Each structure stands twice: as C-alpha cells, then as structure tokens.
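S.K.: Chain order of the listed sequences is A and B. Take the first sequence: its position 48, counted from the start at 1, is 193 in this note's numbering, and no numbers get skipped. Take the second sequence: its position 5, counted from the start at 1, is 0 in this note's numbering, and no numbers get skipped. All C-beta atoms, glycine included, are put in the ideal place defined by N, C-alpha and C. All of these numbers come straight from a predicted model, not from anything done at the bench.
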Amino acid sequence: MTNDSTASTRATVTGAAIGLSTGLVALVTGALVLRAYGPGNMWAGYVTGASLVLLAAGIAFWRTWRRPASTTTAERAFTPAADERDRRVLSSASATLGGFSLPLTGVATVVIAVGADPAPVLGILLWVLLAVFVIAFVRANRSM
Amino acid sequence: MNNEIRRLREEQGLSQAALGAALGVSRQTVNSLESGRYDPSLPLAFAIARHFQLPIEEIFHDE
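(1) Should N186/A go down as buried or exposed, given a rule of 16 or more other Cβ atoms within 10 Å for buried?
(2) Do S239/A and G285/A count as a contact pair if the criterion is CB distance below 7 Å?
(3) Use the C-beta contact count for N(-3)/B: other C-beta atoms within 10 angstroms, 16 or more gives buried, fewer gives exposed.
(4) Of all Cβ atoms in chain B, is any one closer than 7 Å to the Cβ of E229/A?
(5) Could you pull out every residue in the same chain whose Cβ sits closer than 6 Å to the Cβ of R22/B, ignoring the five residues on either side in sequence?
(6) Check each candidate in F223/A, G251/A, L267/A and I269/A and name the one with the smallest Cα separation from G160/A.
(7) List the DSSP bridge partners of F55/B.
(8) Taking D34/B as part of the alpha helix (DSSP H), name the residues at either end of that continuous run.
(9) Please report how far the alpha carbon of L37/B lies from the alpha carbon of E220/A, in whole angstroms.
(10) Is the CB of A40/B under 7 Å away from at least one CB in chain A?
(11) With a threshold of 7 Å between beta-carbons, can A12/B be considered close to chain A, or not?
(12) Is it the case that the Cβ atoms of W207/A and T157/A are separated by a distance below 7 Å?
(13) Compare the C-beta of M187/A against all C-beta atoms of chain B and say whether one is closer than 7 Å.
(14) Whose CA, out of H46/B, D57/B and I51/B, lies closest to the CA of E6/B?
(15) On a CA-only basis, which of S246/A, I280/A, P263/A and D228/A is nearest P35/B? Give me that one, please.
(16) According to the Cβ coordinates, are G175/A and Y191/A closer than 7 Å?
(17) On the CB-based measure, 16 or more other CB atoms within 10 Å of its CB, does T250/A come out buried or exposed?
(18) Looking at the unbroken alpha helix (DSSP H) that takes in Q7/B, where does it start and where does it end?
(19) Could you check whether the Cβ of S21/B sits closer than 7 Å to any Cβ belonging to chain A?
(20) CB-CB under 7 Å to S27/B, same chain, minus the five flanking residues each way: which ones, in chain order?
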C-alpha cells in the first residue's frame, strides 16, 4: 500500500468516525428533546428516520473503505472518498435544492398563513425537498 | 470537450478501474471523461497528461 492510499484510507476512516459520531449525538439529542417537548410520538419517528440515515451512511462508509471499486457516486459523494466528479454531482444537486427551497418554503408559508395546519404542511415540504434533491442528484449523475 | 483518453488507455492495456486508481478517481469518472460528459478540473487534466506523458493539448480538444 502506498503512502497516498494509506493517507486516503486514514482520511476515509477518520471522516467516517467523525461523521457517524456526530450523527449519533444528533440522533440522541434530538430524540431526548422531542420526547420531552415534542408532540405525540414524534420522537419515535425521528429516531426511526435518523437511525435509517445513520445506517445508510455506515454502509456507504464501509463500502467505500472495504469495496471502493464497487461503490456508486451516491455512496462516495457523502464520504471523504469522493473524487472531483462526485463532489461536482453533489454540488449541482445541492444548488438545485437551494434554488427550489426558497419558493417552496414561500408556498408553504402562504399555505400556513391562510389557515392550513402547519405540521402536515412542513412534513410535506420536507418530503418534497428530499425528492427534489434525489431527482437533481440522479439527473446530475447521469449527465456528467 | 473531446479527448483521447479512451484510445490512450486502451493502448496501455489498462481498464477504466486501473486508470482511475492511477489517477485517484473512480471508474465512473474515467468513463464520464472518456465519453465527454465530464470535463476534468485543471489538476486532474495535468495528472492525466503526466500519466500518459503527453502535453494536455494532445489529449484534450476543444471542438
């Protein structure tokens, strides 16, 4: 193993450790706050969603570390193993998400202002933004 | 931007994955470069030129 690849592996493992640890802290903190102050069983949904995200991130980190040749752009883009094209795809998708987020948030604000229940509107907004990001990522990945 | 990467790689008998490993990028990135869908950064273009021991302008064409 060369010095470059050793440094790259170390960066991947260190980045994974920091990322997963930060995610775990956010998961526990968010769950505790929502359980104490959140409505109904929102904390359980948060824990489920955040755990799935952490699990996906863990799998992506493990695959980029142990099986780098078979990883996809989506797996590498969120890890230190991303190359310049992966980062450009992620930047493009993030820019598209940013461009859509302002008008979509404006629409949601107007809908709430005219009397809609805020909780479902914000939930729908979150899913729509997630869909925008996924579609933008796939489009960018296919076009470059 | 067109380029000669596929021809040069095949002349060296390298797979896309092997060239990617030599350049520090993924196999998908090499494939995108070869098909002209992705234009490399200047540092990557220089790395490609160094790898094939050719001037950049003999590898990349702007038409």
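M.R.: On the basis of the coordinates in this document:
(1) exposed
(2) It is Ala, not Gly, that sits at residue 285/A in the sequence shown. Their beta carbons are not under 7 Å apart, which means A285/A does not touch S239/A by this criterion.
(3) exposed
(4) yes
(5) Q11, A12 and G15
(6) F223/A
(7) For F55/B, which the question treats as bridged, DSSP gives the partners N(-2)/B.
(8) From DSSP, D34/B is part of no alpha helix (DSSP H); its letter is neither H nor E.
(9) 25 Å
(10) no
(11) Yes, A12/B counts as interfacial toward chain A.
(12) Not a contact, by the Cβ cut-off of 7 Å.
(13) no
(14) Among H46/B, D57/B and I51/B, the Cα nearest to that of E6/B belongs to H46/B.
(15) D228/A
(16) Going by C-beta atoms, G175/A is nearer than 7 Å to Y191/A.
(17) With fewer than 16 Cβ atoms within 10 Å of its Cβ, T250/A is classed as exposed.
(18) From DSSP, Q7/B is part of no alpha helix (DSSP H); its letter is neither H nor E.
(19) Chain A, which has a Cβ nearer than 7 Å to the Cβ of S21/B, makes this yes.
(20) Y33
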